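Okay, so here's the structure we're looking at.
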Amino acid sequence: MSAVRLRGFGWRHAGRKRWAVRGLDLRIEHGERVLLLGASGAGKSTLLAALAGLLPEDSGEREGTVEVDGRDPRTAREEVGLLFQDPETQLVMARCGDDVAFGPENRGLPAEQIWPRVDEALRRVGFRYGRDRPTAALSGGEQQRLALAGVLALRPRLLLLDEPTANLDPAGAALIRDAVAAALDADTTLLLVEHRLTEALPLVDRVVVLAPGGGVHADGTPQAVFAAHGEALAAEGVWVPGHPLPPRPATTSAGETLLTADELALPPRLASVSLSVRAGEALAVHGPNGAGKSTLALLLGGLLAPAAGRVTATAELAGGDARTPPHRWRAPALVHRIGSVFQDPEHQFVTAAVADELALGPRRTGRTEAQVRATVDALLDRLRLTALAEANPYTLSGGEARRLSVATALATAPRLLVCDEPTFGQDRRTWRELVELFAELRDNGHGLVTVTHDPEFIATLADRQVRLDHPRSVP
Amino acid sequence: MINLEPVTRPDAPLARRNPVAKLAAALLCSVILIATLDPVAPAIAIAFELALLPLFGVRLRVLARRAMPLLVSSVGVLGTLVLFAAERSGRILVEAGPFLVTSGVLITALGLVLRMFAVALPGVIVVATTDPTDLADALVQNARLPARFAYGALAAFRMVPLLTQEWQMISMARRARGVDAGRNPLARLRLFGSTAFTLLVGAIRRGTRLAVAMDARGFDTTTPRSMARRQHFGRADGLLIAGATLLAGVALTVSVAVGTFRPLIG
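Chains Y and D, in that order, give the protein sequences. Residues 1 to 475 in our numbering are what the first sequence lists, from first letter to last. Residues 476 to 741 in our numbering are what the second sequence lists, from first letter to last.
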């Protein structure tokens, strides 16, 4: 009996025109470690939900069959454990031990067996704190480690991981990778969805690539799959190892200073920092979680008032308004000078359609309707969003939402762009497009500040770096 | 932000009682005291409640901080009633222009404020001495509340502090899109509405994700749920409920005996 057996499997969510996944034939044996790849929108998450028995019959339309251990996944729930991306929406209880016990309680395990299981699960993921530790006091990586313990406490024979490190910084991602490696038994079957191949490959012995149109595109050992399809996969957006991207250094030297920060601080979130941003320059701000990188981005973006120090715009950026600090400018004046792209794109969406979203900024800054239409069309085209012009921004995939949020900031043509983790969790294709777009902006004389954990982004694009951990100043 | 973390010494004899017993005691006490409009019964009840405070392991200053919204609103009620109540009986105490303060008005207003305190204080004490997880456990185990409701609410509750951060984020993101209200009050109201809507959409999406994650860990199975943490309902818990009933009864009896009792109905 195979651990997983799919025959012509397809699923269409109720109310959708497109099949999320279709024509899938796949067999996974017990103890196999499988990495599931596919472009964004290929139906990877839907497949995991189906295997976890989380697609009720009335929530969509099914084709073919799906079996876990020869049974319908809805009746084989105790065999399967599923870990999601976002630790914040997986933790249920206020104390760590109680959270791990939540699953065993649901399964009706006698109380005297629960606590030994909890302790064992916590030990297996290498959890450093006691059962009474409040879950709110954990870092993102530790929370995700705890969520993994909560899944392992159910002793699943089939472990499904849906981009478990996508929301974590590199240190947090390493925590989870080590925890998964240590927690696997010889007979546990693993099905992992992950974009970051360098991190995922040590965990798996088989790679399955879903084709965007349905079915399986490639299947085999990592070496065989990447040797045969590496180039094509990389072009489709998969982060295939050994396909480095060419650097994009500035073609011209940096121009005039646009914005300076003098001993800028907002305790306890940000210790004092001084820096300057110039036109035609890409500045990367990096450093560990909690160093205040996002806070710095908000301060530079004129969205937050500093507690100490100041942000000063030069006349080059703000003309006569240079005397007032950016956080005092009216919003319409702000957005055609400094554009901000938030870490979570959904925070920034205001309207109900992609095209309206792009038109909002230009209208606010008083452009004519013809100018607005021209800007919107150009951006839709540039960021491959034309087909989605009428779609609701909240229904977009992660990559589409990111492209839209960058496009909305560009719509008002700000001279300075401040981005918070713009490449976070993006597939290789979106990543390349973003880097290309940022490089063009810079070479056209825009200033660019990017707060990022992404070493490849820094290596490819950044002209200058600021590391944020201790109070320090760069000239 | 509303703070609902317990602030008690965990070994205090009454704080240790079963959360359902504490909740029942507080409810009984409140319901009985609502029955009268006079100031004497609530005053006696408040005196008892404050005297019992050490047994709950709560310091008076901590309680006062917790009850701050109550204190503020009581001042408001007192002021409004003294100045604007229709009834103007009794001796005239202050007469200043259109304002007339009489002894009758003052007694009615004081009575109302005392009732507010007497009714709300037990609840404040229960919240201040009870861990939310223990309360959910006890509601399921001792009050037979459905687990799906109790733990669902508990999990949702944990997300409340996130909403404050989220609100700030959304407001800043709006500004970054060129949307602000300036000094126009109507635009301000509209912006408030649209920010609240975005917050709500985000909260629902997050709630849905949490619900799916909970179901993935078997929360939706029909298997009877087991309990990793036991809540006992013992004789002491029964006594707490009886004691609270007795206390409220004594307060009412005294008020009848001294002749100030005024029933709410009739």
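Note that beta-carbon positions come from the ideal geometry of N, C-alpha and C, so glycine has one too. Nothing here was measured: the structure is a model prediction, and the numbers come from that model.
query	result
Touch test, the segment 431-448 of chain Y against the segment 267-275 of chain Y, Cβ-Cβ under 8 Å, three pairs minimum	no
Residue-level contact to chain Y via CB, D:P488, 8 Å cutoff	no
In DSSP terms, what Y:W11 is bridged to	Y:V21 and Y:R62
Within-8 Å CB hit, D:R692 to chain Y	yes
Closer than 9 Å at the beta carbon, the chain Y residues around D:M689	Q90, V92, F102 and N106
Terminal residues of the beta strand (DSSP E) in which Y:G220 lies	V216 to G220
Contact check, Y:L83 vs Y:P212, beta carbons under 8 Å	no
Residue from Y:R206, Y:R62, Y:P362 and Y:L416 with nearest C-alpha to Y:P332	Y:P362
Complete alpha helix (DSSP H) runs within the segment 285-362 of chain Y (minimum length 4 residues, chain order)	293-300, 315-318 and 331-335
Residue-level contact to chain D via CB, Y:T412, 8 Å cutoff	yes
D:F574 - DSSP class collapsed to helix/strand/coil	strand
Residue(s) in a DSSP beta bridge with D:I567	D:T577
Interface flag, Y:G445 vs chain D, CB-CB below 8 Å	no
Buried versus exposed, by CB contacts within 10 Å (16 or more), Y:R145	buried
Coil, strand or helix - D:I679 by DSSP	helix
Y:V350 vs D:R652 beta-carbon contact at 8 Å	yes
Bounding residues of the beta strand (DSSP E) (the contiguous stretch that carries Y:A173)	From DSSP, Y:A173 is part of no beta strand (DSSP E) but of the alpha helix (DSSP H) over P170 to A183.
Candidates Y:N289, Y:A94, Y:A121 and Y:L138, of which the one nearest D:A611 by Cα	Y:A94
Sequence-distant residues of the same chain with beta carbon closer than 7 Å to Y:R33, five excluded per side	L190, L203, V204, D205 and R206
D:L714 beta carbon less than 8 Å from that of D:T511	no
Buried or exposed by the 16-neighbour rule on C-beta atoms within 10 Å, applied to Y:V449	buried
Cβ shell of D:A584 (< 8 Å), same chain only, five flanking positions each side left out	V552, L553, L556, V557 and A560
Spatial distance of D:V615 from Y:G108 (CA atoms)	14 Å
Status (buried if at least 16 other CB within 10 Å, exposed otherwise) for Y:A173	buried
Minimum Cβ-Cβ distance from D:L614 to chain Y less than 8 Å	no
Residues of its chain near Y:G41, where Cβ-Cβ distance is below 6 Å and the 5 sequence neighbours each way are ignored	S397
Proximity winner among Y:R442, Y:E440, Y:Q426 and Y:L233, relative to Y:E456 (alpha-carbon distances)	Y:Q426
Contacting residues, own chain, Cβ-Cβ under 8 Å from Y:D187 (five flanking each side not counted)	H30, G31 and R157
Listed by chain order, chain Y residues near D:R663 by CB distance under 7 Å	Ordered by position in chain Y, no residue passes the 7 Å Cβ test against D:R663, which lies about 13 Å from the chain.
Backbone secondary structure at D:T696 - three-state DSSP	coil
Length of the line joining the Cα atoms of Y:V180 and D:L685	22 Å
Beta bridge counterpart(s) of Y:I28 as assigned by DSSP	Y:V4
Distance between Y:A318 and Y:T260 (C-alpha atoms, nearest Å)	12 Å
Terminal residues of the beta strand (DSSP E) in which Y:T260 lies	T257 to L266
is_contact[Y:A291, chain D] using C-beta, thresh 8 Å	no
Rounded straight-line distance, which links the Cα of Y:A407 to that of Y:A14	30 Å
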